[in-house]
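Line by line, the protein sequences give chains S and W. So the number in the numbering used here is just where the residue sits in the first sequence, counting from 1, plus 571. So the number in the numbering used here is just where the residue sits in the second sequence, counting from 1, plus 571. Just so it is clear, CB atoms sit at the ideal spot from N, CA and C, and this is done for glycine as well. Since this is a predicted model, take the numbers as computed values, not measurements. These notes are about the structure you will find just below.
2 protein chains.
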Amino acid sequence: MQTTALTFDYELLHTSKKSRARVGRIHTPHGIIDTPGFVAVGTNGALKALDNTVVNDIGLQLMFCNTYHMLLQPGTTVVKNAGGLHKFINRPFPIITDSGGFQVFSLAYGSVANELKGRGTKKNDGSVMKITEEGVLFRSYRDGTKVLLTPETSVLAQKDLGADIIIPFDELPPYHIEKDKLVQSLDRTHRWEERSLNCHLENPQNQAMYAVIHGGIDPDLREKSCRFLTKLAFDGYAIGGSLGKNRQEMYTLLQETMPFIPREKPNHLLGIGDLPSIDMAIPLGIDTFDSSYPTRSARHGILLSYKGDINVTKRIYQNAFVPPDQNCNCLTCKNYTLAYIHHLFKAGELTAMTLATIHNLSFMVQLMRNYREQICADLI
Amino acid sequence: MQTTALTFDYELLHTSKKSRARVGRIHTPHGIIDTPGFVAVGTNGALKALDNTVVNDIGLQLMFCNTYHMLLQPGTTVVKNAGGLHKFINRPFPIITDSGGFQVFSLAYGSVANELKGRGTKKNDGSVMKITEEGVLFRSYRDGTKVLLTPETSVLAQKDLGADIIIPFDELPPYHIEKDKLVQSLDRTHRWEERSLNCHLENPQNQAMYAVIHGGIDPDLREKSCRFLTKLAFDGYAIGGSLGKNRQEMYTLLQETMPFIPREKPNHLLGIGDLPSIDMAIPLGIDTFDSSYPTRSARHGILLSYKGDINVTKRIYQNAFVPPDQNCNCLTCKNYTLAYIHHLFKAGELTAMTLATIHNLSFMVQLMRNYREQICADLI
């Protein structure tokens, strides 16, 4: 059985002679995603401070939208009525949505980052009311209404949204979890993912579904997860769950897990997109990365560059009448100087965030293009 | 004596047979301003939520920047070092700056709007330290340093900024003021404007200077102001000071004042740009209007239209899958629906402000084009 619609396909173009790094193309109903590729996060159907025509001009090939947020505002029915996300947000290029599980369980358990920073494990602000085999009942943070998120409701919501790539419903267990509980969580996640896949297959639409591989930082459970999920008719594999408390743990985890992920399908590393992590993960064979890092850091005045982050709010840029990067062809670098962007941040102008975001996203597009060239030349 | 640089000139194209309305062209070193024309306010060298390449695309011909704000951040020396405002902010088209007096005296006396709303007259938050014949000493709200704003420092700051049109230093007396104090204020403003003009002429640069006609709502004082200022070598005339407590008072005031303003030079109505006021003032012969109304209201979810304001945050737009205006060619109307913009406002996305601002500015550009066509056809 194969869920892949005719328009979804992974094409391997080159595998490095030096590592597991590879260059490929994911074909989708809304065009090609070159891999390795960066996926920006447009939670509510917009990249913060940008309109989607600008995003299209930047050349960002895949955009991430969050089902949890779209479910609560405007509601997936509105998006369906609009003719789907692509039409609603005016994006003719590929979109991926998640299941909503990540956000719901972050509310229940706290995020791994919060957990590690000692902001409390098992934080529960009351919005998650009940977790059962069926799914999760929680209260909308917007209007207090009860929402039941299950494998089926998540997939049907994602059918309404109509993204090119969708994600099955899974549990996000906390980083600090006993082995037996992690095993239980993994088994339930596998049942939920299978239910998600069945619901997906019973409601055919021109979408691909990636499995989410779990198992925390336990290599045996990661292997178990791969073995279970790769037997099912998923179109690709996302690596989710806790990826460790630091980059070294994530490296070890990916090194142990990647050999169990089929090479003939695309894979995705969920929620990771800082530059050192990308640089570490590409030689291990990761195809796509999503992260709000480039856009969020932009809004705080951090401009990405090959020479390291530029904190444009620093006083040393007050008279810097040069673009952020003279070799960058983005709208920001072609038209504005560090001094002007510095001024806009100091003056509290929203435009500062827009210009910084345009540069950082353009940088990511260019960075990934460079990685692809280096892989093709077997330099990575 | 004539201050007009070769590149600054007013060209009268048509005077209505029906009213004092007129169509003209102001030629500046950075291109043409068609009149009647709308001038958007980019206080800190940026229209809020837009970058200047977008503003250029919209076709906005004249942009207002505030000397007071630029003086305190980034400082006019930085702008001078950048090669002037046009280069600093990447705007190849005309720019006008004010003297800074309006902001300083608003701090001292409170704005007319605040005054009329009973938020206190003669509000003084301590930032204005001393008003003398020399000028005004105030504290920077940014870093507490003392700043002396005089006719000469204001003009020299505006020389650093390098706008196409600059404004002499004047006093903004409160709306509620006794006649004798208003007379004293007017006389001092005239002395300040003459000092400003002299400083302007002694430091020649390719800029034009508009006088600011004062006199509050006293028709005799307005006439006196016109008679005094039109004898001096100004390139145009701005109408400033208190314009009355409502539109009717402003109408009366303009009707009485406009006949004393020379027809062979351009004029400008300071700080007024709401649609009914524009509609009222154009038949009286006003050439340009500046206002933050279209941009500020956009950020609050108000979309301008010929059928009246659209409050896009209202629930009725949740499923409105049509552009704000089907006849509008702006980026927002060509690419997005009311439903999407509604969603972005509800989700608190900055992009909502950007899209609304683009539409409202485009609307103003189109509106003024329509007025010019109607005047040329003697319909106004």
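Beta-bridge partners assigned by DSSP to residue 838/W: 808/W. The C-beta of residue 902/W comes closer than 8 Å to at least one C-beta of chain S.
At least one CB of chain S lies nearer than 8 Å to the CB of residue 649/W. Look at the region 594-640 of chain W and you find these whole runs of beta strand (DSSP E), each 3 residues long or longer: 602-606, 608-612 and 633-636. About 26 Å separates the beta carbon of residue 803/S from that of residue 815/S, a gap too long to meet the 8 Å contact definition. Around the beta carbon of residue 795/W, a 10 Å sphere encloses 16 or more other beta carbons of the protein chains shown; the residue is thus reported as buried. Of all residues in the region 909-920 of chain W, only 910, 911, 914, 915, 917, 918 and 920 come within less than 7 Å of chain S when Cβ atoms are compared, listed by chain position.
DSSP places residue 882/S within a strand segment (E or B) once states are collapsed to three. Residue ranges of uninterrupted alpha helix (DSSP H) with 4 or more members, entirely inside the region 725-780 of chain S and ordered along the chain, are 750-773. Of the residues 763/S, 905/S, 751/S and 706/S, the one whose Cα lies closest to the Cα of residue 739/S is 763/S. When the five nearest sequence neighbours on each side are left out, the beta carbons in the same chain lying within less than 7 Å of the beta carbon of residue 910/S are those of 888, 889, 890, 891 and 892, in order along the chain. Sixteen is the threshold: since fewer than 16 other Cβ atoms of the shown chains lie within 10 Å of the Cβ of residue 775/S, the residue is exposed. Using a Cβ-Cβ cut-off of 9 Å, residue 652/S is close to 890, 892 and 910 of chain W, given in chain order. Boundaries of the alpha helix (DSSP H) around residue 946/W: 921-947. For residue 825/S, the enclosing alpha helix (DSSP H) covers residues 818-828.
Residue-level contact check: residue 616/S touches chain W, since one or more beta carbons of chain W fall below 8 Å from its beta carbon. Taking a C-beta cut-off of 7 Å against chain S, the contacting residues of the region 657-681 of chain W are 659, 660 and 661, listed in chain order. In this model, residue 645/W and residue 597/S are separated by some 47 Å (Cα to Cα).
Straight-line spacing of the CA atoms in residue 842/S and residue 860/S works out to 7 Å.
Listed along chain S, the residues sitting closer than 8 Å to residue 926/W by beta-carbon distance are 622. Short of 6 Å from the beta carbon of residue 635/W, and not among the five residues preceding or following it, lie these beta carbons of its own chain, in chain order: 610, 612, 667 and 861. Residue 760/W and residue 789/W do not touch by the CB rule: their CB atoms are close to 13 Å apart, not below 8 Å.
Per DSSP, the unbroken alpha helix (DSSP H) holding residue 647/W starts and ends at 647-653.
In this structure, residue 642/S places its C-beta atom within 8 Å of the C-beta atom of residue 728/S. Per DSSP, the unbroken beta strand (DSSP E) holding residue 862/S starts and ends at 859-862.
If you draw a straight line from the Cα of residue 717/W to the Cα of residue 640/W, it comes to about 14 Å. Taking every protein chain shown into account, the CB of residue 931/W has 16 or more other CB atoms within 10 angstroms, so this residue is buried. Per DSSP, residue 788/W lies in no alpha helix (DSSP H) segment and is marked neither H nor E. Residue 707/S sits in a strand when the DSSP states are folded into three classes. Within the same chain, Cβ atoms closer than 8 Å to the Cβ of residue 602/W are found at 632, 663, 664 and 665, the five residues on either side in sequence being excluded.
When C-alpha distances from residue 791/W are compared across 624/W, 768/W, 605/W and 753/W, the shortest belongs to 753/W. An exposed status is given to residue 703/W, since fewer than 16 other beta-carbon atoms sit within 10 Å of its beta-carbon. With respect to the 8 Å criterion, residue 680/W and residue 743/W are classified as neighbours on the basis of their beta carbons. DSSP places residue 581/S within a strand segment (E or B) once states are collapsed to three. Less than 8 Å separates the beta-carbon of residue 736/S from that of residue 779/S. Taking a Cβ-Cβ threshold of 7 Å, none of the residues of chain S is close to residue 712/W; the smallest such distance is about 12 Å.
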